[in-house]
Amino acid sequence: VREPDLTGRHVVISAGGTREPLDPVRFLGNRSSGKQGYALARTAAARGARVTLIAANAGLPDPAGVDVVPVGTAVQLREAVLKAAADADAVVMAAAVADFRPQTYAAGKIKKKDGEEPAPVVLVRNPDILAELSADRARPNQVVVGFAAETDDVLANGRTKLRRKGCDLLVVNEVGERRTFGSEENEAVVLGADGSETPVAHGPKEALADIVWDLVAQRLS
Ligand code: C5P
Numbered sequence: 146v147r148e149p150d151l152t153g154r155h156v157v158i159s160a161g162g163t164r165e166p167l168d169p170v171r172f173l174g175n176r177s178s179g180k181q182g183y184a185l186a187r188t189a190a191a192r193g194a195r196v197t198l199i200a201a202n203a204g205l206p207d208p209a210g211v212d213v214v215p216v217g218t219a220v221q222l223r224e225a226v227l228k229a230a231a232d233a234d235a236v237v238m239a240a241a242v243a244d245f246r247p248q249t250y251a252a253g254k255i256k257k258k259d260g261e262e263p264a265p266v267v268l269v270r271n272p273d274i275l276a277e278l279s280a281d282r283a284r285p286n287q288v289v290v291g292f293a294a295e296t297d298d299v300l301a302n303g304r305t306k307l308r309r310k311g312c313d314l315l316v317v318n319e320v321g322e323r324r325t326f327g328s329e330e331n332e333a334v335v336l337g338a339d340g341s342e343t344p345v346a347h348g349p350k351e352a353l354a355d356i357v358w359d360l361v362a363q364r365l366s
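The opening position of the sequence shown corresponds to residue 146 in this note's numbering, with each subsequent residue numbered one higher.
Set out below in structure tokens:
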């Protein structure tokens, strides 16, 4: 357990995965469990921070002493994050936000009809919340952190993504069929906009969370 070095700080964390509805019973979703975001919330609270957790469909118990704001879609997540970020010292985007959503929402359940082919699903882009947060900082010294799951060329793709998003830190992990999603453990490299590279050995999601807060605390001091 670290020193209470985040005392007096407000940190905002997004966790889980957004669900983009097609009709009242169906959605496009992803495999994010929310565990890494919840680990970030628990460790920040343990280090003295006031924590706002924007939780997208994680289905996990609310961490003690954390202000939890439940959301469903990327658009709702954006609203909640921007509102909470207004007075935040740091924002960590650990949620898996859908890049696209169905263009139309059917108010009634979509039905199959005899002899008819299904209608194609047309997707439109969701806002890139991390890029927006990074470009329009609510406070001059606010630290913005993103996550990236890559399947190959992890470091090179991570560097490109860090620049494109404009965030201060990007936690890059390699994903595959049995890695990271839903698991209790993680392995990553944290890339800094200052060129720094912090490897994090395979271990509990809490350990990675504490290293992220170490790097955030350095940048806040
Ligand atoms: O572009 P990609 O989805 O790989 O980027 C991942 C990072 O960007 C994560 O931190 C995620 O929370 C954030 N993101 C976002 N808005 C989106 C898509 C991703 O903030 N529409």
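We treat Cβ as the ideally placed atom computed from N, Cα and C, and that holds for glycine. Given the structure is predicted, the values throughout are model-derived calculations rather than measurements.
(request) Output the distance between the C-alpha atoms of Val226 and Val316, rounded to the nearest integer angstrom. (result) For the purposes of this step, residue 226 is taken as residue 81 along the sequence shown, with counting starting at 1. For the purposes of this step, residue 316 is taken as residue 171 along the sequence shown, with counting starting at 1. When rounded, the distance between both Cα atoms is 19 Å.
(request) For Arg364, collect the residues of the same chain with a Cβ closer than 7 Å to its Cβ; drop the 5 residues on either side in sequence, then sort them by chain order. (result) Stepping through the sequence shown from its first residue, residue 364 is reached at position 219. So the qualifying residues of the chain are Val288, Asp313.
(request) Look at the Cβ atom of Ala201, then the Cβ atom of Ser159, and state whether they are nearer than 8 Å. (result) Numbered from 1 along the sequence shown, position 56 holds the residue referred to as residue 201. Numbered from 1 along the sequence shown, position 14 holds the residue referred to as residue 159. Between Ala201 and Ser159, the CB-CB gap stays under 8 Å.
(request) Compute every distance between the C-beta of Ala230 and the non-hydrogen atoms of the ligand C5P, then say whether any falls below 7 Å. (result) Numbered from 1 along the sequence shown, position 85 holds the residue referred to as residue 230. The answer is no for Ala230.
(request) For Val213, I'd like the list of residues in its chain whose CB is within less than 6 Å of its CB, leaving aside the five on either flank, ordered along the chain. (result) Translated into the one-based positions of the sequence shown, residue 213 becomes position 68. Here the set comprises Leu198, Ala200, Asp207.
(message) I'd like to check one pair, His155 with Ala219: are the Cβ atoms closer than 8 Å?
(response) What you label residue 219 is simply residue 74 of the sequence shown in a count that begins at 1. What you label residue 155 is simply residue 10 of the sequence shown in a count that begins at 1. No; because the gap between Cβ atoms is not below 8 Å, this pair is not in contact.
(request) Report yes if the C-beta distance between Val334 and Ile356 is below 8 Å; otherwise report no. (result) By 1-based counting over the sequence shown, the position of residue 334 is 189. By 1-based counting over the sequence shown, the position of residue 356 is 211. Their beta carbons are not under 8 Å apart, which means Val334 does not touch Ile356 by this criterion.
(message) Considering just the uninterrupted stretch of the beta strand (DSSP E) at Ile199, what are its terminal residues?
(response) Position 54 of the sequence shown, counted from the first residue, corresponds to residue 199. Membership of Ile199 in the beta strand (DSSP E) is indicated by the continuous run 195 to 201.
(request) Please report how far the alpha carbon of Asp234 lies from the alpha carbon of Val345, in whole angstroms. (result) Residue numbering aside, residue 234 sits at position 89 when the sequence shown is read from its first letter. Residue numbering aside, residue 345 sits at position 200 when the sequence shown is read from its first letter. So the alpha carbons of these two residues sit roughly 24 Å apart.
(message) Closest to Lys180 by C-alpha separation, out of Arg192, Gly161, Pro169, would be which residue?
(response) Along the sequence shown, read from residue 1 onward, the residue named residue 180 stands at position 35. The option with the nearest alpha carbon to Lys180 is Gly161.
(message) Assuming Phe292 and Ala239 are in contact, meaning their beta carbons sit under 8 Å apart, how far apart are those beta carbons, in whole angstroms?
(response) To locate residue 292, count along the sequence shown from 1; it is residue 147. To locate residue 239, count along the sequence shown from 1; it is residue 94. The Cβ separation is near 5 Å, so the contact holds.
(request) Classify Arg282 as helix, strand or coil using the three-state DSSP reduction. (result) Position 137 of the sequence shown, counted from the first residue, corresponds to residue 282. Three-state DSSP puts Arg282 in coil, outside helix and strand.
(request) For the alpha helix (DSSP H) holding Glu351, just list the boundary residues, first then last. (result) Against the sequence shown, residue 351 aligns to sequence position 206. Segment 350 to 365, the alpha helix (DSSP H) holding Glu351.
(message) Please classify Glu342 as buried or exposed, where buried requires at least 16 neighbouring CB atoms within 10 angstroms.
(response) Indexing the sequence shown from 1 puts residue 342 at position 197. So Glu342 ends up on the exposed side.
(request) Assign Val196 to buried or exposed, taking buried as 16 or more other Cβ atoms, counted over all protein chains shown, within 10 Å of its Cβ. (result) Working through the sequence shown from its first residue, we reach residue 196 at position 51. Flag for Val196 reads buried.
(message) If I follow the unbroken beta strand (DSSP E) through Leu314, where does it start and stop?
(response) Position 169 of the sequence shown, counted from the first residue, corresponds to residue 314. Judged by DSSP secondary structure, Leu314 falls within the beta strand (DSSP E) whose first and last residues are 314 to 319.
(message) Are the CB atoms of Arg192 and Leu151 within a distance shorter than 8 Å?
(response) What you label residue 151 is simply residue 6 of the sequence shown in a count that begins at 1. What you label residue 192 is simply residue 47 of the sequence shown in a count that begins at 1. Yes, these two residues count as a Cβ contact at 8 Å.
(request) Could you check which residue in Arg284, Glu165, Ala190, Tyr250 has the C-alpha nearest to that of Arg147? (result) Translated into the one-based positions of the sequence shown, residue 147 becomes position 2. Per the Cα distances, Ala190.
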